[in-house]
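See below for the structure under consideration.
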Amino acid sequence: MTPTPIPDAPLTDTRAYALTALALLSLSCLTLAAHLHTRWAWVRRLPLLGVHVLLMGALVAAGAVLLGPGSALLPVPGHPAGWWGLPAGAVLGAVLGLLIVRVDLAITTAWRTARPAAARPAPQRMTAARPAGFAASGTRVSERRRTGLVRARNDYAPTGGDLRVRLELLVAVAVGEELVFRGLLTRLALLLPGVRLEAGALVLAAAVFACSHVFFGWVQVLAKTPLAAAACAATLLTGNVLAAVVAHVVFNVWVWRYRRSEPVARRTPARGMWGAPA
Amino acid sequence: MNDLPWPLKALVLTVFVVLYYKYAKSALFALCRRAAHLLPFGRRWDASERGSVLELAAAGASHVLVVAVLVLVTGIDLTRFAAGFDRPGLIALGAAIGVGEVALGSLLCRVLIEGVQAAGRRRAGSVAGGVRNGVRRGARGEVRGARTAPATAGGAVDGAVESGERMRQWLGLSRGGWIRHHLKTMEVVSLPLALALTATQVGSEEVVFRGLVLSWLREAGPVLAIGISCLLFTVMQVFLMSSWRAAMFPVVGAIVMGVTHSVLFWHYPVLIPLVVAHVTFFLFAVA
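Chains as they are written, first to last, in numbering that gives the first Met the number 0: chain U, 0 to 277; chain S, 0 to 286.
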């Protein structure tokens, strides 16, 4: 038998598994919320962003247990700014928020003018009739168990309608995303050995945050990259997530006001008590 | 064979993976499809469903056989990695890792799909622009844009409806290949039996690509050993799929899972939580 040398591990296996699970679930929290929201009817009663906020709350709680109570708020341990980082973060966040609104608007506007809207109608989804209602009841296929992710009917994607929610929920999403992406993931990245690994993990977290907006089009990934980069830089600069939270809240309030200024006829109807009223 | 240098060991493993996962499994599945017409199954299953269940059962059995052969060849004692049955906390964390991997993998797939579609639209736009300017005409003056536009282009149609439709088509494509027998089995047999068949197959993969490959290549160092293990695990997903589009979901999932599981196994050589993570990944993806 071949003897296999096992190197000394810096963490216990349970802690390493827990931190890995926390990192993976934090990186994919919006997609996971969309999966849960798409699959089960009882989850679907909640708005998608509500599921997202609940999931992020659970992750922040798990992070507090694993990494310490203030880990999501103060992700850079021993930062020289100390408590002065909080007022500095609030001011910096307000300035960054206004700046990011301008940059986001410029990117989305430039993309829209470069690619004009299509003129052709959408293709028909099917050309042959298939049994429905009473005719379909009792047939073998409809009695079979349904399968999830790779089922063609299920694209696990949030839609534009899922974003038309009340301002309170949009603010909660902004706070939660910053606590997870800039708080927990920054703290986890700084646990890695070596500056290169730390920098790579920070870039990965910012890139995944931008990519999590891909459900609303490729342009939204580009448009959210400045927000991700600026929030990450502000967190490292001030040692806390207040700047990132304030900037994201300012941005989401602007999005809410922008959506409200659209003509009523173009809006999708509000859904449930958390849907934005017309 | 334990005295071989690690490059030769890597070569042996590569040849083995290609021979078994591409050719031997292809022949095995062909045999199963033929047997599906001959064996006396109940009539409530059609030939495709019978074939899929047989394929998954045969794949699980042959995987177990392959594990036994590899243990004999490499001389690695697998019982060392079997600890973890008595640690429910670690098993639950393995399940959480599986859920995180499938969510991250599906996000990355979505990014790739949107990227490919955006590139297709850009190519189609340039083709259409060329046609409008009168430069993309053939020798006899016919317009060539309709045949030269890529399949992902969507012609002049743009917008969320078209994008959603193409996304659904792509997801439909990804139900083919070897994923079909997991889906069909999950649909037609009882849940415990489907779970057992799936767990046997994916658990064997975990044993091969983490337990055996990483242990055998440990002398190559972490970067090379993990790289080779992930590469073989990813390449294996492409075999028996109909196209690169259909193979994209398993390939992206294999990259996420391969890197995560390999790094964890390198530092903590325990297989049970990783098998649980792999099974959870599969159940979350297909169930």
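C-beta: ideal position from N, C-alpha, C; glycine also. No experiment lies behind these values; they were computed from the predicted model shown.
{"query": "Would T13(U) pass as an interface residue toward chain S - the criterion being a Cβ-Cβ separation below 7 angstroms?", "result": "yes"}
{"query": "Hey, out of Y22(S), T184(S), L103(S), whose CA is closest to V250(S)'s CA?", "result": "L103(S)"}
{"query": "Locate the alpha helix (DSSP H) running through K21(S), then write down its first and last residues.", "result": "No alpha helix (DSSP H) contains K21(S), which DSSP labels as neither H nor E."}
{"query": "Do the CB positions of V213(U) and L26(U) come within less than 7 angstroms of each other?", "result": "no"}
{"query": "Under 7 angstroms, Cβ to Cβ, is there at least one residue of chain S near V248(U)?", "result": "no"}
{"query": "Return yes when the Cβ of A35(S) is within less than 7 angstroms of the Cβ of R49(S), no when it is not.", "result": "yes"}
{"query": "Using Cβ-Cβ distances below 7 angstroms, what residues of the region 259-281 of chain S are close to chain U?", "result": "T259, L263, H266, Y267, P268, V269, P272"}
{"query": "Which same chain residues end up closer than 7 angstroms to A46(S) when comparing Cβ atoms and leaving out the 5 residues on each side of it in sequence?", "result": "A35, H36"}
{"query": "Under 7 angstroms between C-beta atoms, does I225(S) make it to chain U?", "result": "no"}
{"query": "Confirm, please, whether the CB-CB distance from L55(S) to L196(S) is below 7 angstroms.", "result": "yes"}
{"query": "In whole angstroms, what is the alpha-carbon distance linking T147(S) and G114(S)?", "result": "The predicted position of T147(S) is uncertain, since its pLDDT is 40 and thus under 50; a value taken from the coordinates is nonetheless stated next. Each residue's alpha carbon lies about 20 angstroms from the other."}
{"query": "Against chain S, with Cβ distances strictly below 7 angstroms, would L203(U) count as a contact?", "result": "no"}
{"query": "Excluding sequence positions up to five away, which residues of its chain have a Cβ less than 6 angstroms from the Cβ of I90(S)?", "result": "P272, V275"}
{"query": "Give the secondary structure of I254(S) by DSSP, where H, G and I count as helix, E and B as strand, and everything else as coil.", "result": "helix"}
{"query": "Any beta-carbon of chain U closer than 7 angstroms to the one on G140(S)?", "result": "Interpretation of G140(S) is limited by its pLDDT of 44, a score under 50 that renders its predicted location unreliable; no figure is taken from the coordinates."}
{"query": "Does the separation of the CB atoms of A301(S) and C31(S) fall below 7 angstroms?", "result": "Shown here, chain S extends from 0 to 286; a query on residue 301(S) therefore has no answer."}
{"query": "Quick one, which residues of the region 13-32 of chain U are near chain S if we go by CB-CB under 7 angstroms, in chain order?", "result": "T13, A15, Y16, A17, T19, A20, L23, L24, L26, S27, T30, L31"}
{"query": "Given a threshold of 16 other Cβ atoms within 10 Å of its Cβ, counted over all protein chains shown, does G77(U) qualify as buried or as exposed?", "result": "exposed"}
{"query": "Restricting to Cα atoms, I'd like to know which of E205(S), A253(S), W5(S) is closest to F264(S).", "result": "E205(S)"}
{"query": "Have a look at L213(S) and G226(S) and give me their C-alpha separation to the nearest angstrom.", "result": "10 angstroms"}
{"query": "What is the DSSP secondary structure of M247(S), counted as helix, strand or coil?", "result": "helix"}
{"query": "Counting only the same chain and skipping the five closest in sequence on each side, list residues whose C-beta sits under 6 angstroms from that of G176(S).", "result": "L239, M240, S241, A245"}
{"query": "Please classify D161(U) as buried or exposed, where buried requires at least 16 other C-beta atoms within 10 Å of its C-beta.", "result": "buried"}
{"query": "Any idea what DSSP makes of L85(U), helix, strand or coil?", "result": "helix"}
{"query": "For F84(S), does the three-state DSSP call read helix, strand or coil?", "result": "coil"}
{"query": "Using a Cβ cut-off of 8 angstroms, pull out every chain U residue sitting near A117(S), in sequence order please.", "result": "W217"}
{"query": "Given L29(U), which residues of its chain have a CB within under 7 angstroms of its CB, disregarding the five upstream and five downstream residues?", "result": "H51, S211"}
{"query": "By the criterion of Cβ-Cβ separation under 8 angstroms, what are the contact partners of S211(U) in chain S?", "result": "L106"}
{"query": "For M247(S) and C108(S), which I take to be in contact (beta-carbon distance under 8 angstroms), what is that distance rounded to the nearest angstrom?", "result": "6 angstroms"}
{"query": "Would a C-beta distance cut-off of 7 angstroms place A246(U) and G62(U) closer than the cut-off?", "result": "no"}
{"query": "Is there at least one Cβ from chain U nearer than 7 angstroms to I90(S)'s Cβ?", "result": "no"}
{"query": "Can you give the Cα-Cα distance for V254(U) and A15(U), rounded to whole angstroms?", "result": "39 angstroms"}
{"query": "If contacts are defined as beta-carbon pairs under 8 angstroms, then A205(U) and G99(S) qualify, I think. What distance do you get, rounded to the angstrom?", "result": "Not a contact, Cβ separation roughly 18 angstroms."}
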